[in-house]
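Numbering (this note's numbering), first residue to last: 2 to 256. Okay, structure first, notes after.
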């Protein structure tokens with residue numbers, strides 16, 4: 002198995018890339034919604050030079066809304082693709098979007114939007130991956146499989162706990178889409194608070210055993226933790242890095 006690091010928005014981006022190169026096989030990066038931050042050519046060159054040999058999985062920002070018929074939102078996604086193309090992107094993950102509109106229309110709008118973004122990616126030699134969400138319609142095996150089949154020529158980034166928020170038993174049905182999974186986001190959950198470290202490492206191992214493939218790639222998507230009162234808080238900086246490295250050591254001790 003191969004392991005990816007996901008940088009924090011709150012840390013220096015170049016320092017986060019350097020940290021990833023020192024401790025992980027690959028790096029998974031979500032650009033900010035405001036791409037103007039990266040508009041300086043010297044800054045772009047520094048990013049490219051620092052990324053150097055490390056393989057990157059990119060992630061289109063989750064705030065882009067594909068659930069409506071607005072061309073503006075699709076244009077935002079395409080602008081992110083254009084930016085990531087400059088950084089030699091080969092694979093990009095995107096979230097389908099949820100809203101309160103009627104389910105048939107929600108599904109149709111997401112399929113239409115994803116087809117357009119996927120075609121745009123394929124023209125640039127980029128593979129697009131769809132990540133399952135935390136709420137309907139794309140938080141269960143049936144929903145995400147229907148989406149993949151309807152869009153066509155597209156793969157999946159699986160977030161294990163997004164799936165299990167729908168049902169703790171849903172992970173047992175993973176065999177139905179196992180061959181469509183390209184990448185995994187791994188983290189624990191407590192009382193519907195997700196993206197926290199695993200306190201029970203056997204629970205982590207059971208999840209990985211269900212998903213295990215020789216080529217499985219995993220991002221430890223950890224941004225929060227739980228205090229002694231079971232209240233959650235954001236973690237960042239050196240503390241976050243240390244927590245993720247300890248989780249990584251535990252995974253490697255199993256395999």
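C-beta atoms are modelled at their ideal positions from N, C-alpha and C, and glycine is treated no differently.
How big is the Cα-Cα spacing for residue i and residue j?
i, j, result
"residue 18", "residue 137", "34 Å"
"residue 170", "residue 192", "16 Å"
"residue 74", "residue 256", "42 Å"
"residue 237", "residue 117", "36 Å"
"residue 253", "residue 200", "16 Å"
"residue 230", "residue 126", "49 Å"
"residue 32", "residue 61", "7 Å"
"residue 51", "residue 198", "28 Å"
"residue 232", "residue 226", "8 Å"
"residue 157", "residue 248", "24 Å"
"residue 205", "residue 141", "20 Å"
"residue 210", "residue 189", "15 Å"
"residue 177", "residue 213", "14 Å"
"residue 64", "residue 207", "31 Å"
"residue 218", "residue 71", "34 Å"
"residue 95", "residue 30", "12 Å"
"residue 21", "residue 9", "11 Å"
"residue 174", "residue 90", "31 Å"
"residue 98", "residue 202", "32 Å"
"residue 250", "residue 223", "15 Å"
"residue 163", "residue 129", "19 Å"
"residue 49", "residue 35", "19 Å"
"residue 221", "residue 194", "15 Å"
"residue 121", "residue 100", "24 Å"
Classify residue i: buried if its beta carbon has 16 or more other beta carbons within 10 angstroms, exposed otherwise.
i, result
"residue 161", "buried"
"residue 148", "buried"
"residue 78", "buried"
"residue 66", "buried"
"residue 92", "buried"
"residue 76", "exposed"
"residue 159", "buried"
"residue 168", "exposed"
"residue 102", "exposed"
"residue 105", "exposed"
"residue 243", "exposed"
"residue 241", "buried"
"residue 38", "exposed"
"residue 13", "exposed"
"residue 123", "exposed"
"residue 235", "exposed"
"residue 239", "exposed"
How would you write the range of the alpha helix (DSSP H) that residue i sits in, first residue to last?
i, result
"residue 37", "Per DSSP, residue 37 belongs to no alpha helix (DSSP H) and is neither H nor E."
"residue 210", "202-212"
"residue 121", "104-123"
"residue 255", "238-255"
"residue 15", "14-24"
Go to residue i, then tell me how far its beta strand (DSSP E) extends in each direction, as first and last residue.
i, result
"residue 136", "Where residue 136 is concerned, there is no enclosing beta strand (DSSP E), given that its DSSP letter is neither H nor E."
"residue 225", "225-227"
"residue 29", "27-30"
"residue 11", "That residue, residue 11, is in no beta strand (DSSP E); it is neither H nor E in DSSP."
"residue 3", "3-6"
"residue 91", "Premise fails: residue 91 is in no beta strand (DSSP E) and is neither H nor E."
"residue 195", "194-197"
"residue 189", "189-191"
"residue 221", "218-221"
"residue 233", "233-235"
Taking 7 Å as the cut-off, is the beta-carbon of residue i closer than that to any non-hydrogen atom of the ligand ZN?
i, result
"residue 235", "In the structure shown, the ligand ZN is absent, as is every other ligand, since no ligand is present at all."
Does the stretch 150-158 come close enough to the stretch 111-129 to have 3 or more Cβ pairs within less than 8 Å? yes
contact_flag[the stretch 71-83, the stretch 37-44] where n(CB pairs < 8 Å) is 3 or more: no
Pair every Cβ in the stretch 24-36 with every Cβ in the stretch 55-72, then say whether three or more of these pairs are closer than 8 Å. yes
If we require 3 or more residues per run, which beta strand (DSSP E) segments fall completely within the stretch 138-182? 156-160
Scan the stretch 39-86 and note each continuous beta strand (DSSP E) run of 3 residues or more that stays entirely inside, going in chain order. 56-60
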